[in-house]
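In this note's numbering, the protein residues as written are 344 to 866.
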């Protein structure tokens, strides 16, 4: 591995070349028969392409993403990308190609399932196709052994990129995830490979050491090398050193990403000091790790959505939930609540600073008993987030309906209490929920004679009747939630239910559908 200081000396900070940028991104969880399947390689490839589209100045039409391709599909997609590169160069454009591979590999090939791509040949093709090539390879060769519990990594021969350099117009840069004989580690906690996680974190803005709004190759490699080594050191699989092989002609720093151009950015104010984790509230995945030393705001490019932020400064831990929309969202110390250290879960776990959800709804549902009108009512709910994507709680509902016959005015009051569980799927500020309900239903029915006043003047007979019955109730509920604020939101829900109630000492089966509009508050 080239020493980091030598690399830093080779790159002089300057303005980036104007360039037309292309991406060729490949992820493959499977390797040869003797290689254990990877878990996060394809997800890493998807996230890398998303980062290039969001902050890497790569247009969607100039980006190719391949997941689990065979050799034929790989070659076809590469031929299409080469054609686009050739057209751009014929127009006189300076081109930059980003190649990213996450999967299995060995000293001379990358593995597409049981097939392989020779690296020396592919390197020559890339170098001939583009002015500048930045190739990032996160590959390891794993044998069929149990996954290491802490990181899911297995020791194996290191990945080795061929270094027989040929003369290039501008140059080729290769970053490999691990040194020769080292382990390229996956992390189930991070839901990513260790190297790619820190690479993406750096691309989003954590590697912008000078605060100029762009991340250069030098900054990205320095950040990724340091963080990967720091986190892998002391693990059972051993320390992991990323490697750089570079030959660039010309002057100036090569800009990898432009976090300042992102659609949404989270600005961490200098007053928020310490080690900071930014966790996607929907998936529980750590999207960024930042060290704020209080010198200037740190801007991190993130997709719009909700994020759990956890800050550790010495023995103090603060946490909060922040909604990030388009533009800049500032995170200040007042947005974070002091937490007991033992209440904080490690990154990637289901810690939620506001796990309770209180809702109040206006309800409209079909009547419990035949012949009655639609039943308007109110519903109160209280639930708690117990796992990463599950909520458990209880609902209390009160509804009324009416009916009329030639002789009677009838009214019906339904009182129900149900327990339930909801599975939650989130996309930014929107969430879809669905789950079962089970509980009890009490019906109180009353009746009054239409001619009660006249009848009482003639005959001393009863003109009003009332009674109650009960039974079990079960059903399914689904809802669409919109939560633009970390604690407040709205919910549109529909219910499908059935019930068994006592009627004249027998059981009567009913069913119905209901709709609800609810306000929500998290605490």
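Cβ coordinates follow ideal geometry from the N, Cα and C atoms, glycine included.
Since we're looking at a predicted model, the values are computed, not measured.
- Looking at the backbone, the Cα of residue 425 and that of residue 518 are separated by about 21 Å.
- A direct Cα-Cα distance of roughly 28 Å separates residue 391 from residue 733.
- With respect to the 8 Å criterion, residue 384 and residue 446 are classified as neighbours on the basis of their beta carbons.
- Segment contact: the region 553-564 against the region 598-606, three or more CB-CB distances shorter than 8 Å; contact assigned.
- Among the bridge pairs identified by DSSP, residue 568 is matched with none.
- Sixteen is the threshold: since fewer than 16 other Cβ atoms of the shown chains lie within 10 Å of the Cβ of residue 377, the residue is exposed.
- Pairing residue 609 with residue 645 gives a Cβ-Cβ distance under 8 Å.
- Taken atom to atom, the span from the alpha-carbon of residue 655 to that of residue 616 is near 8 Å.
- In summary, residue 415 is exposed, with fewer than 16 beta-carbon neighbours lying within 10 Å of its beta-carbon over all protein chains present.
- Uninterrupted beta strand (DSSP E) stretches at least 3 residues long and entirely within the region 597-651 occur at 598-600, 607-611, 617-623, 629-635 and 641-644, given in chain order.
- Annotation: residue 652 to residue 679 spans about 8 Å, alpha carbon to alpha carbon.
- For secondary structure counted as the alpha helix (DSSP H) over 4 or more consecutive residues, the region 357-413 holds these complete runs in sequence order: 384-398.
- Around the beta carbon of residue 632, 16 or more other beta carbons sit within 10 angstroms, so the residue counts as buried.
- Around the beta carbon of residue 842, 16 or more other beta carbons sit within 10 angstroms, so the residue counts as buried.
- For residue 541, the enclosing alpha helix (DSSP H) starts and ends at 537-544.
- When DSSP reads this structure, residue 707 sits in a beta bridge with 719 and 858.
- Taking the C-beta atoms as reference points, residue 708 is found nearer than 8 Å to residue 857.
- If you compare the alpha carbons of 778, 770, 759 and 676 with that of residue 826, the shortest gap goes to 770.
- By the neighbour-count criterion, in which 16 or more other beta carbons inside 10 Å mark a residue as buried, residue 619 falls on the buried side.
- For residue 730, DSSP records a beta bridge to 733.
- In the DSSP assignment, residue 455 falls within the unbroken beta strand (DSSP E) covering 452-455.
- Per DSSP, the unbroken alpha helix (DSSP H) holding residue 471 starts and ends at 462-472.
- Check the Cα spacing between residue 643 and each of 536, 606, 762 and 455: the tightest is with 606.
- Within a 10 Å sphere around the beta-carbon of residue 541 sit 16 or more other beta-carbons, which makes this residue buried.
- Residue burial annotation: residue 834 is buried, with at least 16 other C-beta atoms found within 10 angstroms of its C-beta.
- Relative to the Cα of residue 625, the nearest Cα in the group 650, 760, 786 and 456 belongs to 650.
- Between the beta-carbon of residue 776 and that of residue 738 there is about 13 Å, and that puts the pair past the 8 Å contact cut.
- Following the DSSP letters along the chain, one finds residue 827 in no beta strand (DSSP E), marked with neither H nor E.
- Among the bridge pairs identified by DSSP, residue 815 is matched with 783.
- When beta bridges are read from the DSSP output, residue 458 appears opposite 455.
- Exclusion of the five residues before and after residue 363 leaves 431, 436 and 438 as the residues of its chain whose Cβ lies within less than 6 Å of its Cβ.
- In this structure residue 757 is not in contact with residue 772, their Cβ atoms being roughly 33 Å apart against a cut-off of 8 Å.
- Contact between residue 702 and residue 765 does not hold, since the beta-carbon distance rounds to 11 Å and is not under 8 Å.
- In this structure, residue 699 and residue 441 do not form a Cβ contact; the two beta carbons are roughly 44 Å apart against a cut-off of 8 Å.
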